[in-house]
Each structure stands twice: as structure tokens, then as C-alpha cells.
Amino acid sequence: MKCVLIASDGAEVLFCWADEEFEQNLQSRYDSTEEMQVPSFGDSVNTLFAPLIISCVTMMEKINDSYTCFKTDNGHLCVLHMFGDLLFIALNGDESENEDDLRRKLYVLKRLTEVHFGLATFDSHLIKKELRPADTDQRNLVWKTFQSLLLTYSRLRNEDQSFAVEAVERLIHPKLCEQCIEFLEKQIVCFINSSSERGTEEVLHAFILVNTKLLALFSSRNASSLRPADLLSLILIVQDLYPSFRTKDQATEENEDNAPSDEYYTPDPSPNSRSLSAGSWMDDDSPAFSYVDPEIQIAEDSLKTLTGDLPQSTNTRRVFLDASLKEGYCPMMPHSMYCLPLWPGISLVLLAKFSGSGIALSLYQLLDGFSMMEKKLKEGGEIHQILRSHPIMTDLRQRTDRFVKNLGGRDLQLQNCWLDFKNKAFSRHEPGTPSELIQACSNMNRQLCCVYRQLFLVSPISGTHALSLNMQSRARKLVQEKLMDWKEFLLVKSKRNVTMVNYLEDFPGLIHFIYVDRTVGQMVAPSIIIDSKSSTELGNPVLANFIKKKIWSLIGLSRRYLHKGYTTLTMRDGDYYCCYFLWFENEAGEKLDVIEVPVLGDDSAPIGMLAGEYYRKLLRYYSKNHQTDLVKCYELLTLHLGIVPPEFVIQQCHDLARKLWEPSRIPLL
1 MKCVLIASDG AEVLFCWADE EFEQNLQSRY DSTEEMQVPS FGDSVNTLFA PLIISCVTMM
61 EKINDSYTCF KTDNGHLCVL HMFGDLLFIA LNGDESENED DLRRKLYVLK RLTEVHFGLA
121 TFDSHLIKKE LRPADTDQRN LVWKTFQSLL LTYSRLRNED QSFAVEAVER LIHPKLCEQC
181 IEFLEKQIVC FINSSSERGT EEVLHAFILV NTKLLALFSS RNASSLRPAD LLSLILIVQD
241 LYPSFRTKDQ ATEENEDNAP SDEYYTPDPS PNSRSLSAGS WMDDDSPAFS YVDPEIQIAE
301 DSLKTLTGDL PQSTNTRRVF LDASLKEGYC PMMPHSMYCL PLWPGISLVL LAKFSGSGIA
361 LSLYQLLDGF SMMEKKLKEG GEIHQILRSH PIMTDLRQRT DRFVKNLGGR DLQLQNCWLD
421 FKNKAFSRHE PGTPSELIQA CSNMNRQLCC VYRQLFLVSP ISGTHALSLN MQSRARKLVQ
481 EKLMDWKEFL LVKSKRNVTM VNYLEDFPGL IHFIYVDRTV GQMVAPSIII DSKSSTELGN
541 PVLANFIKKK IWSLIGLSRR YLHKGYTTLT MRDGDYYCCY FLWFENEAGE KLDVIEVPVL
601 GDDSAPIGML AGEYYRKLLR YYSKNHQTDL VKCYELLTLH LGIVPPEFVI QQCHDLARKL
661 WEPSRIPLL
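In C-alpha cells form, the structure reads like this:
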């Protein structure tokens, strides 16, 4: 029994997702008599959670503190977190999720709202309008979008290693990756940006996904690099739009049980140089990594028929992503995301710059300035010192004057708010009181967010088609032609990206590992396949599922210890030996000094890249004392057989990290 809820400080439900069991339980709880009208689901949710919401909000108002987690007498676990004026609640009644899982889900939901609504999330009044539009159809669209994303995230977190550790997994085939990057640059991005059919948008990024794995990513020279957290969010959206073929296979298996006859399929061999139409697509007989080739034939033997209709329409999303440009930094720059399905499981994604997106940068800079001003006023500093002598005030005043002037008469409310602020802040005769200035700053922030909303959130959450459908279809067809002979290989490769075969000789007793480069947010790990119809390296599906649970348990355990400040963990777990290491290196691969990492509070953001910014902050924290080095952060999780002596396990972990260091350094370009 599960439920996720977003509520306002006035106990209004702004968003709700619940599974079928929760809905049935709620219906039976508020089952009406014959004389009374049956309450709607929304009314029942309001009735159930209102006391909890009011209690939590009241405690925050009175003592600036509240409960964040509790367990009921019947075993239901509830996690709460206040983001601004909004209360996020996650409930679990079947013990399938622990406190960290529920808190992580809330932070991921918060991140998804930022990706879809941008700077509107800075203002509680505006985000309420976005999450719960007055129009019923629009509200249903928004709720269904986030409900589906939550379901997809939960599935991927439980099934996919990249989402379990929150890092991007690349499909390892260096030469094919290189050729795809070159193709995306010359044949897709340049082709679209030089065409008059692109409308007012400019494609900045293009990448190819094979299920959840990244085959190739190209970013234009004038584009900001994609943050790993943003890339992982986009992969989540793509998987939500087009679930991986594994899900389709499961549905196919159910249909095959009722089929009148069996259907057999023999895969084509891996493509070679003669099967490639373009001369630049060279053969790949000598892979850069020793573990590329041996798994290919093994994987092809287990390929199943891929079924399911290929969607012909293009799914477009309006997304807001982190951007560091030469003009400045904006954490939520508007983009149009075009997801073009090539085949089931393989997609081309284009990220285009919104028309007038430069205004978003100006708006964020002004918001940042007024927020800083409001913070300093609340801290109780001397007003004259803050308003007239602080270095940011002169620049903020000039920027705001220029922005309001350029906006013209299109937003009278912003003009009036700015005039009111100047009268209170800069008047020599009747300067405003601290409380009046704080309110004036708050009003400016709200009006700036309103301008942002009017400019970038007027279109539906699904976005618009600024790029012509003809242009999208042409780009899709070009990529299909180039990857036609590779599609079956890529789908198999995505299931068996890395195997343990080539590691067994050098690392006897090693069962599994996950290696993560936290600097670039990428991971490498052997594939874990749980399939009753095909053999796996881990043996039968029961054993494979057992090992998978061990790995997921180790991921959770390592996070709990890292939360407490431990960067090394070695533990014997029955017949197995579990290890976790986090360390820092310079660009040359030389290990840097071990430090004591900060111990986190109980209510801190979860450790990860999608649910929080732990590793980004950790790198910044460590780099303070290593100004001359380009600091890199790595993690390694290993699972060994318990018969291997501990000293050999530690030595193997060291050697494995050295072996994996080189492949992780291939740039995304």
C-alpha cells in the first residue's frame, strides 16, 4: 500500500499518487451510508491527511521544527519533508520501502517538478497553480505525467543499476560511440540548425539511448555541458515515454502463452565493416577494452523477438536544465526536449534552446540578487550598509532598471513593484522599515517568477513543436538508416553491456562490482540478468535474483555509512564479503589524501546525484584544500565469495580500480 502526496500549508492537496491497494483501503475507510453521497477520492485523501498536514505546518510555524518520519501501530511508514511552503508526504504499508527509499522518492519528485516547472518552483503560490491548474483536463495531464514518472522511477530504481546508484551507464563500444558522436554533430545537429524549418529554436544537444544506457552524446560548442543529474532525469523521462523492451518482452511472453503456434527467431550476426553503408563507419575488430568482444556472441544467443508497435508520433517535453554559460549561471534554463523513437528500446533525443531563453538567465540573476538581499535583511544587518554600501546592490539596481525598461509596458505589476522597492530602499526622506523592505524583496521575487511563468510556462507540460514535424521525421530517418544494421546488436549489448567473464581469471572469487566516477556521474558494472528463459553468468534466475538483492542491499548500506562519514566499508555477510570504497584522485590518477567527510544530519538530502547534490558538494568541499589539483571522486562496490581471505579481497579491489580507471576516462564530447 503506497501513496505520495504534495500539499500546501493550507492542507490543500496539490498532487497525489496512490496504488490500487491504497485506493481500495481509502474507499472502505470512508464508505458512505445510503443517505450520504459517496465522497470523491480527492475529498477522501484530504480528509485522511488534513490532520497530519495541519499538525506538521503548525509545528513549523510555532517551533520551526517538525517530525520527518513516523511508523503507525499497523506498520505503515510515513516520511514527510517541507520544501518551502509545500509539504511532501510518502507512505508505505507493505514494508517494501524503508525510510531512505521514501525520502529519496520525495526528493526525486521535487527534482522532477523543477525539471518541468523551472524557476516557478521558487514561489509557492505559482507552483500551486502549476501542480493543480484550475482547468480539470490540464490538471489531469499534470497529475498523470508525474504519477507515471514516479512509477517509472520506482521500477528503474529496483531493476536498473544506474538508477540504483544514480549514475549514467554508457554502452561500451568506443569506436561505434565515436562514430555516432561525429554523425550526430555533422548529420543531425548541423543539418537541423542550418535549416529554416527549425523555427526559433537551436539544437544544443543530441544523444542516443539504448534502453537506459547512453550510446553517444554530442553537445554544440556554444552549449553548456549537461550535468549528470539532468542527463539522468532526461533518461527517466525517455523511459517513461517509451518503456524498455524488457517490459514489452514480459507482455509478449503473456501473449505467447495463448498463441496457436510457436514463433522462432534467429538473430543476425554482429555487423562488420561490409554491412555499414558509410565509409566512415569503420570495422571494430580490435576493441579498446578487453571485455567488449567475448560477450557479444553470448549475448546474441539469448536475443528474443522484439515486438510492439513503434510509436510514429514524436513526444515533446518542456524541460528546465542547469546551464553554465559565459554570460552567467542559470540552474533552470528552458529547453525543448524532442524524443524520437527509432526502434523499441532505442531513441534519439534532441535538446533545443527555447526562443528568448537568455531572458531566463537575466531573471535568475535578479532573483538571486533579491533573495540574497532579503536574506541579509532578515539576518538583521544595518539597513544603510546593506542598501548603499553592499557591492551587489548597485549592480542589482542597474540590472533591474535595464530589465524593466526592456520589458516595456508588458508587465505593469513588475514595474509597480520595482518602483515601490526603490521608494522604500533609496528614499532619503522616508526610507522603509526592515519589515517593509523584506516584503518589497519578496514582492519583487514573486513578480520576477510571474514574468518567468508567462514567458516559459504558458505552453502545456508536453511542450510545443517548434521544430517542424518534417524536420523531426528527417532526423529520425537519418539515424535509423545509419544504425539499421546495428539495432539488434545494440539491444543485446544493452542487456549484456559488461560481463564478468574477462574478470574471473584476474580476480578469482569476485562475483560482482560497481565502479562509479562521481566527477562525471558515470558508472561501470557487469549486467545482472534475471530471466527464466535464458542462462546467465550467475546461474539460474533464483541465484541471480539473490545476488541482485545482495548488491542492492550493499548500495543502501554503503549510503548509510557514508551518511555517517565513513568512506570505507568491509563486511562479511554470510558466505559473501562486501566492500565499499570512496576516494579522491588528481587528473593523473594519483590517489589524494584521505579526509574526514562531513557527517550529515538525519533530515539531510539523500546521498546521490538525482535525489540530491551530495557528490557535487563533496567535490567542492575536498577541492578547497587542493586548489592546484583537478580533484576527481570515485566509488567502488564489490561482492566476493567469503572463502577469499580478506587481505586478498582488499588487494583485488585496489587492482580492479586500477584496471577500470582507463575506460572511465573516455570523454562524452
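Note that the UniProt record's numbering numbers the sequence shown so that position 276 is 276, with each residue one more than the last. Glycine included, each C-beta is placed from N, C-alpha and C at the ideal position.
Taking a cut-off of 8 angstroms on C-beta distances, the stretch 4-14 touches the stretch 81-89, as three or more cross pairs fall below it. By the neighbour-count definition (other C-beta atoms within 10 Å, threshold 16), Ile181 is a buried residue.
Straight through space, the alpha carbons of Glu114 and Gly356 are spaced by roughly 19 angstroms. A contact between stretches requires three or more CB pairs, one per stretch, nearer than 8 angstroms, and the stretch 513-530 meets this requirement with the stretch 637-651. At a Cβ-Cβ threshold of 8 angstroms, Leu102 and Val79 count as neighbours. Taking the C-beta atoms as reference points, Met609 is found nearer than 8 angstroms to Gly521. In this structure, Ile346 and Lys477 do not form a Cβ contact; the two beta carbons are roughly 14 angstroms apart against a cut-off of 8 angstroms. C-alpha of Leu119 to C-alpha of Cys449: approximately 6 angstroms in a straight line. Judged by DSSP in its simplified three-state form, Asp240 adopts helix. Here Ser324 carries a strand assignment [DSSP, helix/strand/coil]. Taking Leu325 as the centre and dropping the five residues before and after it, the same chain places the C-beta of Ser224 closer than 6 angstroms to its C-beta, in chain order. Nearest C-alpha to Lys186 among Ala206, Pro174, Lys175, Leu171: Ala206.
Counting C-beta atoms within 10 angstroms of its own C-beta, Glu20 has fewer than 16 neighbours from the protein chains shown and is therefore classed as exposed. One thing to note: Gln147 has its Cβ within 8 angstroms of the Cβ of Trp17.
Taking C-beta separations shorter than 6 angstroms and ignoring five residues to either side along the sequence, the partners of Lys105 in its chain run Ala90, following chain order.
Distance between Gly75 and Val238, taken at the CA atoms: about 35 angstroms. Leaving aside the five residues that flank Leu149 on each side, the residues in its chain whose CB is nearer than 6 angstroms to its CB run, in chain order, Leu112, Asp240.
Asn92: member of the beta strand (DSSP E) spanning 86-92, first to last residue. Taking C-beta separations shorter than 7 angstroms and ignoring five residues to either side along the sequence, the partners of Met471 in its chain run Ile192, Ser195, Glu197, Arg198, following chain order.
The residue from Tyr566, Arg155, Lys62, Asp420 with its alpha-carbon nearest to that of Gln439 is Asp420.
Within the same chain, Thr570, Thr638, Cys653 come within 6 angstroms of Cys579 by CB-CB distance, once the 5 residues on both sides are set aside. DSSP places Glu23 inside the alpha helix (DSSP H), whose first and last residues are 20-29.
With fewer than 16 other CB atoms across the displayed protein chains lying within 10 angstroms of its CB, Arg560 is exposed. Lys422 carries a helical assignment under DSSP once its states are collapsed to helix, strand and coil. Residue environment: Asp160 is assigned as buried (16 or more neighbouring CB atoms within 10 Å of its CB, all protein chains considered).
Per DSSP, Phe122 lies in no beta strand (DSSP E) segment and is marked neither H nor E. For Thr433 and Lys375, the gap between their C-alpha atoms comes out near 15 angstroms. Residue range 77-83 is occupied by the beta strand (DSSP E) that includes Phe83, with no alpha helix (DSSP H) assigned at that position.
Val168 sits close to Leu214, with the two beta carbons spaced by under 8 angstroms. In this model, Gly565 and Ser553 are separated by some 19 angstroms (Cα to Cα). The C-beta distance from His563 to Leu618 rounds to 12 angstroms, too long to fall under 8 angstroms, and the pair is not in contact. Its Cα nearest to that of Lys550, the residue Ile528 stands out among Ile528, Asn222, Phe122.
Taken through DSSP and simplified to helix, strand or coil, Lys624 comes out as coil. In the structure shown, Ile188 adopts helical secondary structure according to DSSP, grouped into three states. About 7 angstroms separates the beta carbons of Val4 and Leu109, which is inside the 8 angstroms limit, making them a contact pair. Between Ile555 and Pro228, the alpha-carbon positions lie close to 19 angstroms from each other.
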